[in-house]
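What follows is a set of notes on a single structure, which appears directly below.
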Amino acid sequence: MSYVRSTAFEETGYVVLDSYDQAADPQEWLDLEYVDWKSSGDTRFAPLASAFGDMECNGFWNHTPPRTDKDGVWVQANVEKAPILKARAEEPGANIGRCRVIELQPDTYPTALYNLHQDDNNRLNPDGTGWIVRGFFNLSDDPESFLILREDRFDPETEVRISLPAGRQVIVDTQRFWHAVWQKGPEPRYCLITSWESGPELDAYIEKYHGDPHFPSAALDPQFVEDAQVEVRRRLAERAATLAAKGKAGQVLVDLELDD
Numbered sequence: 001m002s003y004v005r006s007t008a009f010e011e012t013g014y015v016v017l018d019s020y021d022q023a024a025d026p027q028e029w030l031d032l033e034y035v036d037w038k039s040s041g042d043t044r045f046a047p048l049a050s051a052f053g054d055m056e057c058n059g060f061w062n063h064t065p066p067r068t069d070k071d072g073v074w075v076q077a078n079v080e081k082a083p084i085l086k087a088r089a090e091e092p093g094a095n096i097g098r099c100r101v102i103e104l105q106p107d108t109y110p111t112a113l114y115n116l117h118q119d120d121n122n123r124l125n126p127d128g129t130g131w132i133v134r135g136f137f138n139l140s141d142d143p144e145s146f147l148i149l150r151e152d153r154f155d156p157e158t159e160v161r162i163s164l165p166a167g168r169q170v171i172v173d174t175q176r177f178w179h180a181v182w183q184k185g186p187e188p189r190y191c192l193i194t195s196w197e198s199g200p201e202l203d204a205y206i207e208k209y210h211g212d213p214h215f216p217s218a219a220l221d222p223q224f225v226e227d228a229q230v231e232v233r234r235r236l237a238e239r240a241a242t243l244a245a246k247g248k249a250g251q252v253l254v255d256l257e258l259d260d
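Shown next as structure tokens:
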């Protein structure tokens, strides 16, 4: 199918924008209503825009009528508490689908790798319309934590690690990448996640804030990475054996193809 895509993502699939002065804003995310919704890790979500404006986080294709991740409806109870976060999501002027704040409890590097997943933003997306990507605006200050992106889930050579201080702004084609966050903690991480439709509005926004498709990836000791890979393989083999014993041998990869 032929979609409208941004040239900014052609080479690397992501851009890092100029940092935002997050310290100048109130911590609106602490006042929001959160719902239990599990993604990659121990998480809760505070929906700002959902399929019909309800306090829920389900994919738009799981509603009646089913549709793609566009034309989200603001959740009034939360946006009234977070006008600045709503304005940040609206700033590009692009069509917004799901918009929510994620709360992620601390985890480990092997756990983040185990939880790598691809999104399914473009399910039911009509041919000829804009491809859906996601903006990640880090709200809490987590400079030693990383957004992990891999084009090949099992190949660390494809891994990009983007540090997450307060105000870090990243836009990612999350249907292209396997991704998760390694939250070192000790406190939870909070991040505004917005689904945007690609098009001239988003292109202009990326240009305005100097979107960098070659942001430096944080270095890790190769042995540390390999040890984590071994642990992930062990966990996957253990889970596969458990599911095979229950007659669900094909479920292990399905479970990890989450959409957050």
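Position 43 (the sequence shown) corresponds to 43 in UniProt numbering; numbering is contiguous.
Every residue gets a Cβ at the ideal spot worked out from N, C-alpha and C, and that includes glycine.
If you're wondering where the values come from, they're calculated on a predicted model, not measured in any experiment.
Confirm, please, whether the CB-CB distance from Gly93 to Glu197 is below 7 Å.
-> no
Candidates Val181, Tyr209, Ile162: which alpha carbon is nearest Pro216's?
-> Ile162
Using a threshold of 7 Å, state whether the C-beta atoms of Trp182 and Ile148 are closer than that.
-> yes
Cβ of Gly72 within 7 Å of Cβ of Gly41?
-> no
Write down the C-beta distance between Tyr190 and Ser140 rounded to the nearest angstrom, noting that I regard them as a contact closer than 8 Å.
-> 4 Å
Taking all protein chains shown into account, decide if His179 is buried (16 or more other Cβ within 10 angstroms of its Cβ) or exposed.
-> buried
Per DSSP, cross-strand counterpart(s) of Thr43 | Leu104
What are the start and end residues of the alpha helix (DSSP H) that includes Glu231?
-> 222-245
Entirely enclosed alpha helix (DSSP H) segments - the stretch 76-138, minimum 4 residues | 76-79, 83-90, 109-114
Taking Asp203 as part of the alpha helix (DSSP H), name the residues at either end of that continuous run.
-> 200-208
Determine which residues share a DSSP beta bridge with Gln169 and list them.
-> Leu17, Phe137
Option in Ala241, Asp203, Phe154, Glu187 with minimal Cα separation from Ala228 | Phe154
At least 3 beta-carbon pairs within less than 8 Å: the stretch 11-18 vs the stretch 34-54 | no
Could you name the residues that DSSP lists as bridge partners for Asn192?
-> The amino acid at residue 192 is misidentified as Asn; the sequence shows Leu. Looking at the DSSP assignment, Leu192 forms a beta bridge with Val101, Phe137.
From the DSSP output, which residues share a beta bridge with Asp142?
-> Leu164
Any idea which residues DSSP pairs Leu149 with across the strands?
-> Val160, His179
Residues near Arg67 by beta carbon distance below 7 Å, same chain, minus five either side = Phe60, Trp61, Leu124
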